[in-house]
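Counting from 437, one number per residue, gives the positions in the sequence shown under the numbering used here.
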Amino acid sequence: MNTIKDKALDKIWSDFEDLAKLTIRQMKSLSKILESDKSSISEEILNKMIDKENRLDELEVKISSKIVNAIVMHQPMASELRNIMACHRMITNLERIGDLVMKAVGLISNSYDTDLLVKNSKSINKMLIMSTKMLQKAISSFIDHDIDAAMWTIKNDSVVDTMNHKILNNLLEAADFTKNHHQRIINFMAVKSIISSIERMADHAAHIGEASIYANAGEDVRHSKSDKTKS
Numbered sequence: 437m438n439t440i441k442d443k444a445l446d447k448i449w450s451d452f453e454d455l456a457k458l459t460i461r462q463m464k465s466l467s468k469i470l471e472s473d474k475s476s477i478s479e480e481i482l483n484k485m486i487d488k489e490n491r492l493d494e495l496e497v498k499i500s501s502k503i504v505n506a507i508v509m510h511q512p513m514a515s516e517l518r519n520i521m522a523c524h525r526m527i528t529n530l531e532r533i534g535d536l537v538m539k540a541v542g543l544i545s546n547s548y549d550t551d552l553l554v555k556n557s558k559s560i561n562k563m564l565i566m567s568t569k570m571l572q573k574a575i576s577s578f579i580d581h582d583i584d585a586a587m588w589t590i591k592n593d594s595v596v597d598t599m600n601h602k603i604l605n606n607l608l609e610a611a612d613f614t615k616n617h618h619q620r621i622i623n624f625m626a627v628k629s630i631i632s633s634i635e636r637m638a639d640h641a642a643h644i645g646e647a648s649i650y651a652n653a654g655e656d657v658r659h660s661k662s663d664k665t666k667s
C-alpha cells in the first residue's frame, strides 16, 4: 500500500516526465523549423511554442514547490533524498534548455536576412538532433536507472562541441563582410547565437546525465567530467 510520502514522490516523478517530454517536443519543433525551406516562422507555430514554453515554466515552478514540500513534510530517506535533489538539478537544466530553444526561435523569427542560416541549416540541425538525443538519453538514464546512457550523454557533449567549432569555421569562410558590411555582421552574430544556444542545450543535457549518475550511483561527477570522458 502506498504511503502519503510515496504518493507525493510519485507526483514529482510524473510531473518531471511531463516537463522532460515537453522540453524534448520544443527541441523537435525547433528542428522542424531548421529543416524547413521557409525563411520565416508562422505565427501559429510561434504561438504554440510560446504556449509550451509558458507551460514548461509553470511545471518547473510546480515541481520545485513539490520538492520543497516533500523534503519538509515527509522526511525522505537518504536514497529518496538523493533522487529528489537530482530531480531538482534536472528540472533547472530542462527549464534552461526551454529558454534556449525560445532564444533560437526568436533569433530566427526576427532575422531580416536568413540566407546565411538557410545555407548552414542542415549542419546546425544535425547539431540540434544530437543535442536532443543527448537529452533523451539523459532522461531515460534517470527513469530506467541506466548509468551507461548517462555516460553516453556526457561523453557526447564533446561531439557537439566539435560540431559547434566546425560550423562556426564554415560560417566565417562563407560570410562575405565586404558587401553590406553592417547587416552581414548582424546576420553572422544572429546565426552564431543560434549555434551557441544549441551547444548550451547539449551542455545542460550533459548536466542532467551527471545528475542521473548522482541519483543512481551516489557519485557526483560534475568536477571529474574530463576524467570520465577519457575512460
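Even glycine gets a Cβ: it sits at the ideal position worked out from N, Cα and C.
Can the beta-carbon of residue i be found less than 8 Å from the beta-carbon of residue j?
i              : j              : result
isoleucine 575 : isoleucine 644 : yes
isoleucine 503 : cysteine 523   : yes
isoleucine 603 : isoleucine 631 : yes
glutamate 516  : leucine 445    : yes
leucine 552    : alanine 642    : no
serine 633     : leucine 495    : no
Excluding the 5 residues flanking residue i on each side, which residues of the same chain have their C-beta closer than 6 Å to its C-beta?
i              : result
lysine 441     : His510
asparagine 592 : Met570
lysine 573     : Ala585, Trp588 and Thr589
threonine 459  : Leu530, Ile533 and Gly534
alanine 638    : Ser567, Met570, Asp593 and Val596
To which residues of the same chain is residue i closer than 7 Å at the C-beta, ignoring the five residues directly before and after it?
i           : result
leucine 543 : Ala626, Ser629 and Ile630
alanine 647 : Ala522, Arg525 and Met526
lysine 447  : Lys502
leucine 455 : Leu492, Leu495, Glu496, Ile499, Ile527 and Leu530
Buried or exposed: which applies to residue i, given that a residue is buried once 16 or more other Cβ atoms fall within 10 Å of its Cβ?
i              : result
isoleucine 560 : buried
valine 497     : exposed
serine 577     : buried
methionine 538 : buried
histidine 601  : exposed
Which stretch, first to last residue, makes up the alpha helix (DSSP H) that contains residue i?
i              : result
threonine 550  : Premise fails: threonine 550 is in no alpha helix (DSSP H) and is neither H nor E.
asparagine 605 : 593-610
arginine 702   : Residue 702 lies beyond the range of the chain shown here (437 to 667); nothing can be said about it.
In chain order, what residues of the same chain lie with their CB nearer than 8 Å to the CB of residue i, ignoring the 5 residues before and after it?
i                 : result
serine 545        : Ser476, Ile477 and Leu482
glutamate 471     : Ser557, Lys558 and Asn561
phenylalanine 452 : Ile499, Cys523, Met526 and Ile527
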